[in-house]
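Counting with this note's numbering, you get residues 8 to 296 for the letters of the sequence shown. For every residue, glycine included, the Cβ atom is placed at its ideal position computed from N, Cα and C.
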Amino acid sequence: MDTRYLQSFVAVVELGSMAEAARRLDLTPAAIAARVRALEDDVGVPLVQRAGRSVRPTEAGLKMLERARNVLRDVRDLRAATSGGVSLGELRLGVFISALTGVLPPVLERLYARFPELSVFVAPGGSVELCRQVAGGALDAAIVVEPQFAVGKGCRFETLLEEPLVVVASEALAHRDAHELLATEPFIRYDRSVLGGQLADRYLRDHGIRVRQRLEIDSLMAVAALVGRNLGVALLPDWAPMWRAGMKIARVPLPARAPVRRVGLVWAAQGPRVALAQALLAEAQAVLS
């Protein structure tokens, strides 16, 4: 059984699309489809089925998916083991959405300076799902917001940043009290499905602040951009890239003790990729300290 066929099958299922899998693997959709068909011929059952423009696994495909991931992980580990887990192979790194532009580029710049031949596959996503993929072996490490649960068995988490909540307002409003701004100005809410938004929602409720919500969105930079356009105020983690983006926004500290969001690295504590994950941690600490 060709592991390239397994790789294509897993990519199709994870991405839900032959076309997206082709882009991810730098192949044509026809080549991806041919690989999946060859794998189906090999195992003797259909593994995927089309549903409109998307592709879903069959019952047999679902049963095979986790084992296919394990095989691919073991193959990567075998390759990595021959070079001490550092200079050969691919690092599979998860990154939560807001960190893709603000944190990832300077960290990778330092990592590539140490390991010029390193190949990195970056998987964007939500922190909870990324932690699950690290625990399951699908990813080697992930830059995440600290989860509100214990990381998986065999994994470690190290804090890189601590970000207290602050009110983000246009520069013209910077002189006003934080609670007054939240209670009187239109409110742009950071999505409550993510930890930063949940912390903000809890703070508002704990202090009895009723906001006039204008919209809710899952992007720190998008919220900051809207605030910079005088469309409202927000209660956000003190995310450094916001202040470097040239937007006309100001930080207004909370008068009460501010909740803190922690950003860090989670990685598998055993296996041939540990050395590389620890190198990544060191470079991230150097960038973000």
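Spatially closest choice to residue i from the options, by CA coordinates
i, options, result
"Ala263", "Ala247, Gln155, Val174", "Val174"
"Ala207", "Val234, Ser177, Ala179, Asp245", "Asp245"
"Phe164", "Gln14, Leu288, Gly59, Thr10", "Leu288"
"Asp307", "Arg258, Gly253, Met8", "As displayed, the chain neither begins before 8 nor continues past 296, which places residue 307 out of reach and without an answer."
"Ala145", "Ala18, Ala286, Ala252, Asp213", "Ala18"
"Gly161", "Ala28, Arg280, Ala41, Phe16", "Arg280"
"Val114", "Gly271, Gln205, Trp250, Arg139", "Gly271"
"Leu125", "Val152, Glu97, Ala157", "Glu97"
Identified DSSP bridge partners for residue i
i, result
"Ile195", "Leu222"
"Asp177", "The sequence as given places Ser at residue 177; Asp does not occur at that position. The partner list for Ser177 (beta bridge, DSSP) reads Ile256."
"Ala58", "Ser61"
"Phe172", "According to the sequence as given, residue 172 is Leu; it is not Phe. According to DSSP, which records beta bridges pairwise, Leu172 is partnered with Pro244."
Beta carbon of residue i nearer than 8 angstroms to that of residue j
i, j, result
"Val141", "Gly159", "yes"
"Leu168", "Leu295", "yes"
"Ser105", "Leu227", "yes"
"Val52", "Ala40", "no"
"Asp147", "Ala286", "no"
"Leu172", "Ile195", "no"
"Val218", "Leu189", "yes"
"Gly235", "Glu192", "no"
"Phe16", "Leu54", "yes"
"Leu79", "Gln155", "no"
"Pro64", "Val102", "no"
Interface flag, residue i vs chain D, CB-CB below 8 angstroms
i, result
"Arg121", "The structure shown has no chain D; it contains just one protein chain."
- beta strand (DSSP E) runs wholly inside the segment 96-167, at least 3 long, in chain order: Whole beta strand (DSSP E) segments, 3+ residues: 97-103, 126-132, 148-152.
- Item | beta strand (DSSP E) runs wholly inside the segment 206-288, at least 3 long, in chain order | 219-224, 241-244, 256-259, 267-275
- Message: Counting beta carbon pairs with one atom in the segment 148-155 and one in the segment 214-222, are three or more of them shorter than 8 angstroms?
- Response: no
- Message: So, does the segment 248-263 touch the segment 180-191, judging by three or more C-beta pairs under 8 angstroms?
- Response: yes
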